[in-house]
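Chains as they are written, first to last, in this note's numbering: chain W, -3 to 222; chain S, -3 to 222.
Backbone N, C-alpha and C fix where the C-beta goes; we use that ideal spot for every residue, glycine too.
Owing to the predicted nature of the structure, the values given are computational and were not obtained by experimental measurement.
Number of protein chains: 2
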Amino acid sequence: MPAIQLLLNKNLFVKDPQETELGKKIIKESVTMIDELGFEGFTFKKLAAKIDSTEASIYRYFENKHRLLVYVIAWYWNWLEYKIDFGTHNIENPVDRLKVALKIITEKKEPDPLFPQVMEDALHRIVISESNKTFLTKTVDEDNRDGLFRGFKSLCEKVASIVTEIDASFKYPHSLISTVMQAAHQQVFYAEHIPTLTDLNQEEMNIYQKNEDFLQNVVFNCIKTS
Amino acid sequence: MPAIQLLLNKNLFVKDPQETELGKKIIKESVTMIDELGFEGFTFKKLAAKIDSTEASIYRYFENKHRLLVYVIAWYWNWLEYKIDFGTHNIENPVDRLKVALKIITEKKEPDPLFPQVMEDALHRIVISESNKTFLTKTVDEDNRDGLFRGFKSLCEKVASIVTEIDASFKYPHSLISTVMQAAHQQVFYAEHIPTLTDLNQEEMNIYQKNEDFLQNVVFNCIKTS
DNA sequence: TCAATAATAATAGTTACACTATCATTGATT
DNA sequence: AATCAATGATAGTGTAACTATTATTATTGA
């Protein structure tokens, strides 16, 4: 399998971190540290110490800490879309394609040998607890204009278009899918931290499978599969 | 109509802001300022200047800025639950009660004459753009143990129990309602800032009504109304 | 091979926010 | 009027985010 690289919007960075050794170290170590410390506890100073570099060097790659978060989250959405493209390829029935997409979105993530430099499991945890912070800011409109959320929007658009393919009369494909995307991550967070807000955690079956079942339930009850 | 007061968990504050004039000014002005500046742009220093007081005085009421946010959001959830209790009283049919609850959750908020000291419309905007920040922290487990999220949990529990009343066989009442609560706010945010993620914004009907229609659609398609 | 130049990294700040320790004032009680 | 407690005001401290300047390294041309 040849090495591949996800191409991200240039506005996400000042200098492409995928181009240099230091850049790759910044990404790899950021993911680990944000996972451990949370985004608020994570600082460029701590990161610089960890990778034996300096704050100023990191600012060469990212305008600020927030942009770095947006970058790693955007990478995740691009990766997910890639996995869905790959996983649904050659499947004709849109119902099956939608099921595959939901499975990929909800499943527990393992390190992907295609992208050895990224810890996908840690990144998944970051997406669960930090991804909303990418757009819950006063700069959301500007950031959106700059295309920083293109990865997420494209992913939602892709899945929503399968919904429309199945049931063209359904009025809310985008709302349904953005809601499902949110729930796919939020429910895992609730199961781990505020379990009274979910039903994913009572019995034997694992959280991720239950989550998939719940969201399939929601999606396929909303649309008519003729 | 007699004046009433929502009773909040004592762990939300150091000193009850509803007890003093300064406390009330802190809440009222915080809501206005967080709405205008965003939670990150809002500081105790700016607040102190606005209410002609000092940072230290504000710290007498709230351990920190985060707790103040949690307090005002908790107030909102308590207010919503009160409105749902009031609005569903004497309605026997659980399907109708659920519809009323969904309407109250999604509708555009106006200042409530029962609570003249609070700007419910500004508070609603804060809930839309800041409420997730109350629990997306490293202290979520501790905060949950301290009962800081009791208002939200209680509200979800109340609506979920109506779902169960309608269809006892449905496996995911809590997940469904916490998902719907999230979507009720997230979809409005998307409609305003990242419209490609919703279908609430294309035509004549207003966002709030469409949102209500969408969420009724989701909920009642998931559960069997016999 | 070496000097010039450009790219990158390291050093040393600055500002502002979150929070705290201490002191001053007011108001209630005896 | 004196005492004490509650509350508010003053003056900090530590640190994160970011920036301006200096140093180093790499590249290129003669």
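| query | result |
| --- | --- |
| Local conformation of W:Arg56 per DSSP, three classes | coil |
| Beta-carbon proximity check, W:Asn213 vs W:Gln183, cutoff 8 Å | no |
| Beta-carbon separation (whole angstroms), W:Pro169 vs W:Val176, contact threshold 8 Å | Actually they do not touch by this definition, with Cβ atoms about 11 Å apart. |
| Selection of the segment 111 to 132 of chain W by Cβ proximity to chain S, strictly under 8 Å | Ser125, Glu126, Asn128, Lys129, Phe131 and Leu132 |
| Neighbour flag for W:Ala44 against chain S, beta carbons, 8 Å | no |
| Cβ neighbours of W:Ala45 in the same chain (closer than 6 Å, five flanking residues each side left out) | none |
| Contact with chain S by W:Lys99, beta-carbon distance below 8 Å | no |
| Reduced DSSP category for W:Asp31 - H, G, I as helix; E, B as strand; rest coil | helix |
| CB-CB length for W:Val215 against W:Leu76, believed under 8 Å | Not a contact, Cβ separation roughly 16 Å. |
| The alpha helix (DSSP H) enclosing S:Leu76, as first and last residue numbers | Lys61 to Thr84 |
| DSSP three-state assignment for W:Tyr186, whether helix, strand or coil | helix |
| Chain W within 8 Å of S:Pro213, Cβ atoms only | The amino acid occupying residue 213 of chain S in the given sequence is Asn; Pro does not appear at that position. Yes - at least one Cβ of chain W is within 8 Å of the one on S:Asn213. |
| Contacts that W:His189 makes with chain S (C-beta to C-beta distance below 8 Å) | Phe131, Val136, Asp137 and Asn140 |
| S:Ile223 in three-state terms, based on DSSP | Since the first residue of chain S shown is -3 and the last is 222, residue 223 of chain S is not available in this structure. |
| Among S:Ala187, S:Pro90 and S:Ile69, nearest to S:His120 - alpha-carbon criterion | S:Ile69 |
| Exposure label - W:Asp81; buried when at least 16 CB within 10 Å | exposed |
| Contacts that W:Gln178 makes with chain S (C-beta to C-beta distance below 9 Å) | Thr175, Gln178, Ala179 and Gln182 |
| W:Asp163, DSSP secondary structure in three states | coil |
| Where S:Gly143 sits in the DSSP three-state scheme | coil |
| Backbone secondary structure at S:Met115 - three-state DSSP | coil |
| Under 8 Å from the C-beta of W:Glu36: neighbouring residues of chain S | Thr133 and Lys134 |
| Any C-beta of chain W under 8 Å from that of S:Ser171 | yes |
| Integer-rounded CB distance, given that S:Phe145 should sit under 8 Å from W:Ile190 | 6 Å |
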